Structures are given as structure tokens and as C-alpha cells.
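**Student:** Below is a structure I'd like to ask you about.
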Amino acid sequence: MSVHERSDPGFTPGATARVTRVGVWIRRTKIDELPQLWNVLVGDMSLVGPRPEVPEWTKVQPERWRTILSVRPGLTDAASLEFRHEEALLAASKDPESTYRDEILPRKLDLAEAYVRDRSFLGDLTLLFVTARAVLAPGTGFHAPDGGESPR
């Protein structure tokens, strides 16, 4: 194995020995996303758009990714709201990698393609409002931690 070779699927499901209590809190509060604001300021990202994906996963269904990657990635999108508690879903799975590949990723692709197809200023404002609500009032996101839907 080389230094640049990955042995994991590109994510850490839930709280593992690699993630400290402070790290869990930082992830839960989404403070770890703040450095991406720099990418928005320099024009590499937008506030709303399909979330960047780990390169390994863009090899899955490349024809769908071609469409999604045609627009600038964003800090938030419908998938980041719907799967706000993705770590909990993966941590509860017996096989997190297949859960991500077979259940979560296809839905994220559907949502990203819908964004590219239907994007609008009003839609972006709505996503920004719902994102702010989800971050500032965590119980009001698209999905509850148990995977059940909460009000949209």
C-alpha cells in the first residue's frame, strides 16, 4: 500500500476510535464545514449546489456524475439536508460501504440531478433557509436521527 492509497471507502461511519469527542461535536454542529466558506469566496464553490463527493464514488455511475459535475459544487444541497444524519445511518449498518453505495448514493445522485435540472434562485434561497434552520435548530432537518422523516 502506498501513502496515497486509501483502504477505506472515503468516510468514517459514526463515532469510531479515530474520532475524538471534540471531533464528534465538531461534526454534529457542522463547524467542520466552515473552512469551505473560503472556497465560496474564491469562486471554487457556491453556497448551493451538489455537494462534492469523494473521487472514488464518482466512478460509480459515471454518466450520472458527468451531469452533476457540470455545475459548481455547493456548501449545501437537498442531499446534505436529507442525509444530515448520514453518519448515524452508516454506523447502524452492518455493512456501511454497501449501505452507502446501494441506498444513500443513488438517492444523492437523484437529488443532485434534480437540482441541476430544476435549479433556480428561489430554490437556492429555500435550500439556504432550510439549511440554516437545520443547523440552528437541529431537530428540524429533513430526517430525524432515527431515519424517520421530519417536516420539510
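Under our numbering, think of the first position of the sequence shown as 1, with each following residue one higher. Note that CB positions come from ideal geometry on N, CA and C, so glycine has one too. From a predicted model like this one, the values you see are computed outputs, not experimental measurements.
(1) Considering only residues of the same chain and omitting the five flanking positions on each side of GLN36, which have a CB-CB separation below 7 Å?
(2) Less than 8 Å separating the beta-carbons of PRO50 and ASP77?
(3) Given TRP65, which residues of its chain have a CB within under 6 Å of its CB, disregarding the five upstream and five downstream residues?
(4) Given a cut-off of 8 Å on the beta-carbon distance, is the pair LEU89 and THR131 in contact?
(5) Tell me which residues share the same chain as ASP95 and place their Cβ nearer than 7 Å to its Cβ, disregarding the 5 neighbours each side in the sequence.
(6) Threshold first: 4 residues or longer. Then list the alpha helix (DSSP H) segments lying entirely within the region 102-139, N to C.
**Tutor:** Looking at the atomic coordinates:
(1) Correct list, in chain order: MET45 and LEU75.
(2) Cβ atoms of PRO50 and ASP77: closer than 8 Å.
(3) Within the same chain, TRP65 has close Cβ partners THR58.
(4) The answer is no: Cβ separation not under 8 Å.
(5) Apart from sequence neighbours up to five positions away, no residue of its chain approaches ASP95 with a beta-carbon distance below 7 Å.
(6) The qualifying runs are 105-118 and 121-136.
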